[in-house]
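Numbered by full-length UniProt numbering, the letters in the sequence shown go through residues 1 to 284 in order.
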Amino acid sequence: MKKMKGNRLSSIVLHNLLIAVLAFIWLIPIVWLVCTSFSSYSGMNTSTFFPKEWSVIHYIKLFQPDTVAQFPQWFMNTFIIACVTCVISTAFVLMVAYAMSVMRFKARKPLMNFFVILNLFPGMLAMIAVYFTLKSFNLTNSYAGLIMVYSGSAGLGYLIAKGFFDTVPRALCEAARIDGCSEARIFAQIVIPMSRPIIVYTVISSFLVPWMDFVYAKMILNAGISEKYTVAIGLYKMLDKSLINNYFTMFCAGGVLVSIPISILFMIMQKFYVEGITGGAVKG
1 MKKMKGNRLS
11 SIVLHNLLIA
21 VLAFIWLIPI
31 VWLVCTSFSS
41 YSGMNTSTFF
51 PKEWSVIHYI
61 KLFQPDTVAQ
71 FPQWFMNTFI
81 IACVTCVIST
91 AFVLMVAYAM
101 SVMRFKARKP
111 LMNFFVILNL
121 FPGMLAMIAV
131 YFTLKSFNLT
141 NSYAGLIMVY
151 SGSAGLGYLI
161 AKGFFDTVPR
171 ALCEAARIDG
181 CSEARIFAQI
191 VIPMSRPIIV
201 YTVISSFLVP
211 WMDFVYAKMI
221 LNAGISEKYT
231 VAIGLYKMLD
241 KSLINNYFTM
251 FCAGGVLVSI
261 PISILFMIMQ
271 KFYVEGITGG
281 AVKG
């Protein structure tokens, strides 16, 4: 018995040690980014890990826009796009998940299989087709086109929400139908109020996509108008060869500031976020 306890303790220690080592490796670039953002040096300095001189001047400069760095405007652009996308995508995901979980119709299983197959293909494969489709409708270089791209396929990510809806007691829905409730009313007044964890999970996931995306934003907002950039495009422009020596530390400061809102949101909603994932993983 003592030998078994000793083996179990050794296993736990080794697992925790491995996790600690992996966490340390994962945190190194983040710590370096934060430390560099407080450097008084403007360019890239790889001679030391920690700055020789510390300063907050580059955080101050971010909020004093010039012809290159217009961080407040970029931040607001990204925030508006992310909020609108979040609302539309969340609605799409929850409606599709409810339909696949609760409603029964002939094409239900073929559609579910088709959606799973579509998700196997990277979204990047459709980039050229998406771009020329938007261009034919004059939606390139517009936030409307970007929001449509982010939201259009959101319903394909319904599986986790469907798994959560599968746990909602069917007796409640059946009782509501007997009382004459429509599917829309059952969805809005019975299922949604019971599904706060999965709603939080879906909201955060939907918000993260436009908040962090660079590829589609760069492809669609390609007119070179600095005022219309998202944060990702704007920060990327600071890494241009002609600018990096003057803006690299400001780039690091911008990266830190961009991470703060979503980090706070995640910490506040962490309980519901985890409940949404675990609840949605119970059933497929």
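Don't be surprised by glycine CBs; every beta carbon is placed ideally from N, CA and C.
Shortest Cα-Cα distance from L111 to any of L156, I225, S89 involves L156.
In the structure shown, the three-state DSSP call for S55 is coil. Between the stretch 55-75 and the stretch 244-262 there are three or more inter-stretch CB-CB distances shorter than 8 Å, so the stretches are counted as touching. Within the same chain, V68, A69, I244, Y247, F248, M250, F251, G254 come within 8 Å of M238 by CB-CB distance, once the 5 residues on both sides are set aside. Remark: fewer than three beta-carbon pairs, one from each stretch, lie closer than 8 Å, so the stretch 213-230 and the stretch 21-28 are not flagged as touching.
S39 carries a strand assignment under DSSP once its states are collapsed to helix, strand and coil. When DSSP assignments are scanned along the stretch 198-275, the uninterrupted stretches of alpha helix (DSSP H) that are 4 or more residues long and fall wholly within it turn out to be 215-220, 231-237. According to the DSSP assignment, K109 belongs to the alpha helix (DSSP H) that extends over 108-119. Distance from the CA of A171 to the CA of I204, rounded to the nearest whole angstrom, comes to 30 Å.
Judged by DSSP secondary structure, V93 falls within the alpha helix (DSSP H) whose first and last residues are 71-102. Check the Cα spacing between P210 and each of S42, F105, V87: the tightest is with V87. The straight-line gap separating the alpha-carbon atoms of F121 and T48 is approximately 42 Å. In this structure, the beta-carbon distance from W74 to G180 does not fall below 8 Å. Going by C-alpha positions, A129 is about 28 Å away from R108.
Spatial neighbours of Y131 in its own chain (CB-CB distance under 8 Å, excluding positions within 5 residues in sequence) are listed in chain order as T140, M219, I220. For N45, the three-state secondary structure derived from DSSP is coil. Within the model, the alpha-carbon separation for V200 versus V191 is close to 14 Å. Just measuring C-alpha positions, the residue of S226, S151, Q189, F38 sitting nearest I81 is S151.
Positions of the alpha helix (DSSP H) runs, each at least 4 residues long and wholly inside the stretch 124-206, are given as 127-136, 143-152, 159-165, 170-178, 183-186 in order along the chain. Taking C-beta separations shorter than 8 Å and ignoring five residues to either side along the sequence, the partners of R177 in its chain run I186, following chain order. A direct Cα-Cα distance of roughly 42 Å separates A99 from I225. Under a 10 Å Cβ-count criterion, G145 is classified as buried, with 16 or more other Cβ atoms of the shown protein chains found around its own Cβ.
Pairing A232 with F207 gives a Cβ-Cβ distance that is not under 8 Å. In the same chain as A154, and ignoring 5 residues on each side of it, the C-beta atoms closer than 6 Å to its own belong to S89, F92, V93, in chain order. Exclusion of the five residues before and after F115 leaves L156 as the residues of its chain whose Cβ lies within less than 6 Å of its Cβ. Of the candidates F38, N113, K228, F38 places its Cα closest to the Cα of F50.
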